[in-house]
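Residue numbers (our numbering): 43 to 224.
We treat Cβ as the ideally placed atom computed from N, Cα and C, and that holds for glycine.
Contents: one structure, followed by commentary.
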């Protein structure tokens, strides 16, 4: 299904390290859509890293910036958007994602996420003495919200990105034959 054309926006949600940016870039290339990462957009707009925003302004101010950015990106057409892991915490974000495109929950096992994020200092919520406990806490809090907003859920653990994209494109094509009801 390489090069398939899908109408509308595709939004990726899931915990940090689940593969949203990697999958999003590849999916955008395969579907002819423009790719955005909400965290990268916030960094471009502010001129500083997410960790700096957390350090100086705190998580609440970061979440406000995130809501504004996601609202603007959701208003665009024909995009693939990789959201930040906590984007679904805001009801406004969940509503914007659901009403402006197809939402895909990229779900990964905690062990895989830990391996992918172990040495990544750009993850402010994981800068703790026990990153595993923090990821387990985040998963328990966010998994129900990811499931609530998702049209599709796909496991990214132990997956080659090209195999994953092929499976995802097949599921998206099937979803288009039975569109969601809002």
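Extent of the continuous alpha helix (DSSP H) run through residue i
{"i": "residue 175", "result": "173-191"}
Rounded separation between residue i and residue j - CA only
{"i": "residue 90", "j": "residue 97", "result": "11 Å"}
{"i": "residue 57", "j": "residue 127", "result": "4 Å"}
{"i": "residue 210", "j": "residue 118", "result": "22 Å"}
{"i": "residue 75", "j": "residue 171", "result": "40 Å"}
{"i": "residue 213", "j": "residue 147", "result": "12 Å"}
{"i": "residue 312", "j": "residue 145", "result": "No information on residue 312 is available, as it lies outside the stretch 43 to 224 that the chain covers here."}
{"i": "residue 71", "j": "residue 201", "result": "19 Å"}
{"i": "residue 109", "j": "residue 187", "result": "16 Å"}
{"i": "residue 178", "j": "residue 197", "result": "17 Å"}
Of the listed residues the options, nearest to residue i (C-alpha basis)
{"i": "residue 142", "options": "127, 113, 101", "result": "113"}
{"i": "residue 174", "options": "155, 136, 107, 186", "result": "155"}
{"i": "residue 134", "options": "52, 206, 146, 105", "result": "105"}
{"i": "residue 184", "options": "149, 103, 99, 51", "result": "149"}
{"i": "residue 116", "options": "52, 153, 132", "result": "52"}
{"i": "residue 101", "options": "132, 72, 71", "result": "132"}
{"i": "residue 153", "options": "144, 176, 145", "result": "176"}
{"i": "residue 50", "options": "120, 186, 103, 111", "result": "120"}
Proximity of residue i and residue j at Cβ, strictly below 7 Å
{"i": "residue 194", "j": "residue 122", "result": "no"}
{"i": "residue 54", "j": "residue 124", "result": "yes"}
{"i": "residue 81", "j": "residue 95", "result": "no"}
{"i": "residue 67", "j": "residue 77", "result": "yes"}
{"i": "residue 203", "j": "residue 140", "result": "no"}
{"i": "residue 64", "j": "residue 79", "result": "no"}
{"i": "residue 59", "j": "residue 159", "result": "yes"}
{"i": "residue 130", "j": "residue 107", "result": "no"}
{"i": "residue 151", "j": "residue 199", "result": "yes"}
Extent of the continuous beta strand (DSSP E) to which residue i belongs
{"i": "residue 149", "result": "143-149"}
{"i": "residue 52", "result": "51-55"}
{"i": "residue 195", "result": "194-197"}
{"i": "residue 121", "result": "121-124"}
Any chain B beta carbon closer than 7 Å to residue i
{"i": "residue 141", "result": "Included in the structure is just one protein chain, with no chain B present."}
Backbone secondary structure at residue i - three-state DSSP
{"i": "residue 76", "result": "strand"}
{"i": "residue 90", "result": "coil"}
{"i": "residue 60", "result": "coil"}
{"i": "residue 154", "result": "helix"}
{"i": "residue 128", "result": "coil"}
{"i": "residue 135", "result": "helix"}
{"i": "residue 212", "result": "helix"}
{"i": "residue 70", "result": "helix"}
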